[in-house]
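For the sequence shown, our numbering gives the first residue as 105, with consecutive numbering after it. All C-beta atoms, glycine included, are put in the ideal place defined by N, C-alpha and C.
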Amino acid sequence: MEKGVDDLATIKRDAKRNVIVVLGLVASLWLVAVINVAASGYLLRFGVTPRTTHGLIGIPLHPFLHVGLLHLLLNSVGLVLLGGLVMMREERDFWVASILGTFVAGLGIWLVGRHGVHVGASTVVFAYFGYLLATGWYDRRVGAILLSLSVFVLWGSLLFGMLPTQVAVSWEGHVFGFIGGVFTAWLRGYRLRTAGGLTSA
Numbered sequence: 105m106e107k108g109v110d111d112l113a114t115i116k117r118d119a120k121r122n123v124i125v126v127l128g129l130v131a132s133l134w135l136v137a138v139i140n141v142a143a144s145g146y147l148l149r150f151g152v153t154p155r156t157t158h159g160l161i162g163i164p165l166h167p168f169l170h171v172g173l174l175h176l177l178l179n180s181v182g183l184v185l186l187g188g189l190v191m192m193r194e195e196r197d198f199w200v201a202s203i204l205g206t207f208v209a210g211l212g213i214w215l216v217g218r219h220g221v222h223v224g225a226s227t228v229v230f231a232y233f234g235y236l237l238a239t240g241w242y243d244r245r246v247g248a249i250l251l252s253l254s255v256f257v258l259w260g261s262l263l264f265g266m267l268p269t270q271v272a273v274s275w276e277g278h279v280f281g282f283i284g285g286v287f288t289a290w291l292r293g294y295r296l297r298t299a300g301g302l303t304s305a
């Protein structure tokens, strides 16, 4: 009985931390947005400008910048829903997906992106999406497979966001962010295999 109480307390503590981390991340984006509005959009120049020296600063900074409140609101929903699912799965994977999504997308945009300034946390949202879709394949456990299938059913339409159909949307960032997320799922599978937690059929 005592062990069950301890387990429940641990679950509650972890859930509280998950909520604080995800909402804290989103709150930081809103804080930057408020500062940017007060600065008349000055911060947007720190996005990723492909193949320029000054555009390199945007590789780590672009997820914190948004062109408007609607842009930020849409990304906030994705961060909370998809990021929350990744965080519930494992906090380490949440941070790895966030970092890889940011840097793989930022570097990819800088190398091959269209001319202009690329900003927005959708690169990280697509990293979470890629991780959640791929984790079933690399983890090879029933729970992980069901998670991937559920994410595909609920949010599979996000895949269309990686198509070059909208001029004002950085589909390049979505593609490279997705790749960063898939790589995170691969790293998790590799870690489990090397630790003896997975078996191959």
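Residue span of the alpha helix (DSSP H) that contains residue i, given as start and end
| i | result |
| --- | --- |
| M192 | 173-193 |
| H278 | 275-298 |
| L253 | 246-259 |
| P268 | Careful: P268 lies outside any alpha helix (DSSP H) and carries neither H nor E. |
In DSSP terms, what residue i is bridged to
| i | result |
| --- | --- |
| H222 | V152 |
Expected contact under 8 Å - CB spacing of residue i and residue j to nearest Å
| i | j | result |
| --- | --- | --- |
| A289 | A238 | 4 Å |
| G162 | G145 | With a Cβ gap of about 15 Å, G162 and G145 do not count as contacting. |
| H222 | S180 | About 18 Å; that fails the 8 Å criterion. |
Cβ-based neighbour list, residue i, same chain, cut-off 8 Å, excluding 5 preceding and 5 following
| i | result |
| --- | --- |
| L127 | V184 |
| G212 | E276, G277, V279, F280, I283 |
Spatial neighbours of residue i in its chain, beta-carbon cut-off 7 Å, leaving aside the 5 residues before and after
| i | result |
| --- | --- |
| F256 | L237 |
Proximal residues to residue i (C-beta, below 6 Å), its chain only, five neighbours per side dropped
| i | result |
| --- | --- |
| L174 | none |
| G234 | F282, G285, V286 |
Buried or exposed (CB count within 10 angstroms, at least 16 for buried), residue i
| i | result |
| --- | --- |
| G293 | buried |
| A231 | buried |
| V190 | buried |
Beta carbon proximity, residue i to chain D, threshold 8 Å
| i | result |
| --- | --- |
| M191 | Looking for chain D here will not work: only one protein chain is present. |
Closer than 7 Å: residue i CB and nearest the ligand NAD heavy atom
| i | result |
| --- | --- |
| L112 | Because no ligand of any kind appears in the structure shown, any question about the ligand NAD cannot be addressed here. |
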